[in-house]
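Chains as they are written, first to last, in the UniProt record's numbering: chain A, 1 to 132; chain B, 1 to 568.
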């Protein structure tokens, strides 16, 4: 029932937890019907993002090595990706932290744990709000 | 479009859940090792630091992921432990574990912390299907989030004072309330429109808002949301004109908020009556049964079709239909006799059975009806007729069923039904090993309310509490009216601590509701007692314990929640 979702097809998903990655793949590909590229680390995302050219980037916050905010900054430094909307996914959803991620430039924050059956709808709804 | 069928997705999810569970077992083994090491004497500060940091990350991971894999209780407990460790992690930004004035390890890693951390393992044995048990705001309210979205109420074009008053009071009734103008309504997203919402406005704005709602209705294919207006015109012409313009209710000022809340609830419920029913078809002509099934499924019914009469009792138990379509001639079996056989079981005495038959002789039909059926549908049946006939009968069957099992004042489950639900959940707890809680809730000094302000006010108070419980609890929680002003609630997969938190909020919200009486506005409080079902041998014992806890609460000053505990 949401509007303006036609443009959202390709999602780049960055998450170091393998099991969470697997369930998100199911939630976004099988349930949501998106084309998904999932990466296990910020570094991998930096390598794969330019070729994949995602419409949207979903980024876990707490990752070993390069964390979510660092990955975000690095991705935004790639000219072709500078305008790509980013959503953070995090178990830290205190309001000040959400404000911080939004200040960084994220369009929204999805709290963990997420519901695999409604994750795609949640993303579509954020996307539609952004388009409105 | 989704690439897999729901069944395939469910199977895959279950596989992922099992694999997560195995990994979580390993994580908790590791956590136990860390706890054992932390209990060792003479552990160096650096080692302590490393272990606490690893434990923090492990708990953070569990907190963020367990709920996704249906282990919401484990996740929320892990989050509490993670939050306990947080001060140590934050104070340890390169300056050692115990900086001046910083938290001390012993203050945080208390025996209680060790105990709770070791208890996490017990939460793994909860076979929950709680993928829906996620919290949008998990950090602030990690426990027992309401599963159903609250009914949204938009206050549109109301005078400032009325708007402020209604926003406050209707929020206390459990609604999500927003003050908006007409253009905000026009911009509501399809997702919001698909949910339950109502609009309250002043009578001068009814025409413009009504046409806005019609636009939304056409745009998103929704049924018309309830439109309620406030005003003081009591003349017939004005009322007629408001009804003609599309208003569903008119409330005079000063507004009786509990009555208004009840009307919103009713109007929303009326609009959601189009819930399709369940149908069981028994016809030995497999192709025909399949055809009926497809036609009814297309119309939104949940349909189970069988062609072997010997399977009928099993199919009834599995499908629990609202209505049954039964072929009259099935080889050497007679549908009429099968209907009689079905009526052997007391639980199917009131199941509407419609015979499908090419028999046109009315006297033969009547004879068959006398044997256990309710109606004849003469073959061939057109698809359209089939759908309409089943719709009407399903709706009536559901209405009747509601009357049988639900209390007329509150629409909550009746005494006998809620008792059965408590017994069912008790048995489930014992079988599955999870923790569930039963609560007894009682309005404080209710007799005085009735005696002093009359039964009409008393009924408003009871209805308001019923509505609030429906709004504030999860859809999986079962609520019943146990007696006059007494309610019983079953909270599956919920510890007594969680129940105290959730019901505490219900207490707070309820005490803020103002009821209009002949002597001015009053508020009423409530008391609740809770007990964990699995701590008792029988559901009845658990119910008595909750009742005992309720008694303790009353003795302790009412207006709150008390959990049962064994007395020394």
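All C-beta atoms, glycine included, are put in the ideal place defined by N, C-alpha and C.
Predicted model only: the values in this text are computed from it and were never measured.
The continuous alpha helix (DSSP H) containing residue 432 of chain B extends over residues 415-432. Under the three-state reduction of DSSP, residue 454 of chain B is assigned to coil, being neither helix nor strand. Contact annotation: residue 254 of chain B and residue 513 of chain B have beta-carbon atoms that are not nearer than 8 Å. Within the segment 489-566 of chain B, the runs of alpha helix (DSSP H) at least 4 residues long that lie entirely inside it are, in chain order, 496-511, 539-555.
Under the three-state reduction of DSSP, residue 304 of chain B is assigned to strand.
A straight line joining the alpha-carbon of residue 295 of chain B with that of residue 351 of chain B spans about 21 Å. Going by beta carbons, residue 327 of chain B and residue 280 of chain B fall outside the 8 Å limit. Per DSSP, the beta-bridge partners of residue 439 of chain B are B:489, B:530.
Residue 9 of chain B is bridged by DSSP to nothing; it lacks a bridge partner. Using a 10 angstroms sphere on the CB of residue 26 of chain B, the tally of other CB atoms stays under 16, which defines it as exposed. Around residue 26 of chain A, the beta-carbon contacts reaching into chain B at under 9 Å are 4, 9, 12, 13, 16. Its chain contains no residue whose beta carbon lies nearer than 6 Å to that of residue 473 of chain B once the 5 sequence neighbours on both sides are disregarded.
If you ignore the 5 residues before and after residue 63 of chain A, its C-beta comes within less than 8 Å of the C-beta of 14, 15, 16, 41, 42, 71, all in its own chain and listed in chain order. Our two residues, residue 110 of chain B and residue 252 of chain B, have alpha carbons roughly 59 Å apart in a direct line. Per DSSP, the unbroken beta strand (DSSP E) holding residue 111 of chain A starts and ends at 108-111. For residue 59 of chain A, the uninterrupted beta strand (DSSP E) segment begins and ends at 56-60.
In the three-state reduction of the DSSP assignment, residue 482 of chain B falls in the coil class, being assigned neither a helical nor a strand state.
Among the residues of chain A, none has a CB under 7 Å from the CB of residue 176 of chain B; the nearest is roughly 16 Å distant.
Beta bridge pairing from DSSP links residue 152 of chain B with B:176, B:197. The segment 478-495 of chain B makes no contact with the segment 229-245 of chain B: fewer than 3 CB pairs, one atom from each, lie closer than 8 Å. For residue 517 of chain B, no chain A residue has a Cβ inside 7 Å of its Cβ, as the nearest lies near 40 Å away. In terms of beta-carbon proximity, residue 84 of chain B stays away from the interface with chain A, with every pair separated by 8 Å or more.
Residue 67 of chain B has a beta carbon lying within less than 8 Å of a beta carbon in chain A.
Using a Cβ-Cβ distance cut-off of 8 Å, the segment 198-209 of chain B and the segment 538-553 of chain B are not in contact, since fewer than three pairs of beta carbons, one from each stretch, lie closer than that value. As computed with DSSP, residue 375 of chain B is found in a beta bridge with B:354.
Inter-residue distance for residue 508 of chain B and residue 34 of chain A is about 43 Å (C-alpha atoms, whole angstroms). Interface flag for residue 30 of chain A against chain B is set, since a Cβ pair is found closer than 8 Å.
Residue 69 of chain B places its beta carbon 8 Å or farther from that of residue 31 of chain A.
For residue 288 of chain B, the enclosing alpha helix (DSSP H) starts and ends at 286-298. Contact between the segment 108-115 of chain A and the segment 80-88 of chain A is present: three or more C-beta pairs spanning the two stretches fall below 8 Å.
Within the same chain, and ignoring the five residues on either side of residue 340 of chain B in sequence, the residues whose Cβ sits closer than 8 Å to its Cβ are 371, 372. For the C-beta of residue 62 of chain A, the chain B residues within less than 7 Å are, from N- to C-terminus, 60. In the structure shown, residue 34 of chain A falls within a coil segment according to DSSP collapsed to helix, strand and coil.
Under a 10 Å Cβ-count criterion, residue 156 of chain B is classified as buried, with 16 or more other Cβ atoms of the shown protein chains found around its own Cβ. Leaving aside the five residues that flank residue 521 of chain B on each side, the residues in its chain whose CB is nearer than 7 Å to its CB run, in chain order, 514, 515.
Exclusion of the five residues before and after residue 50 of chain A leaves 78, 80, 81 as the residues of its chain whose Cβ lies within less than 8 Å of its Cβ.
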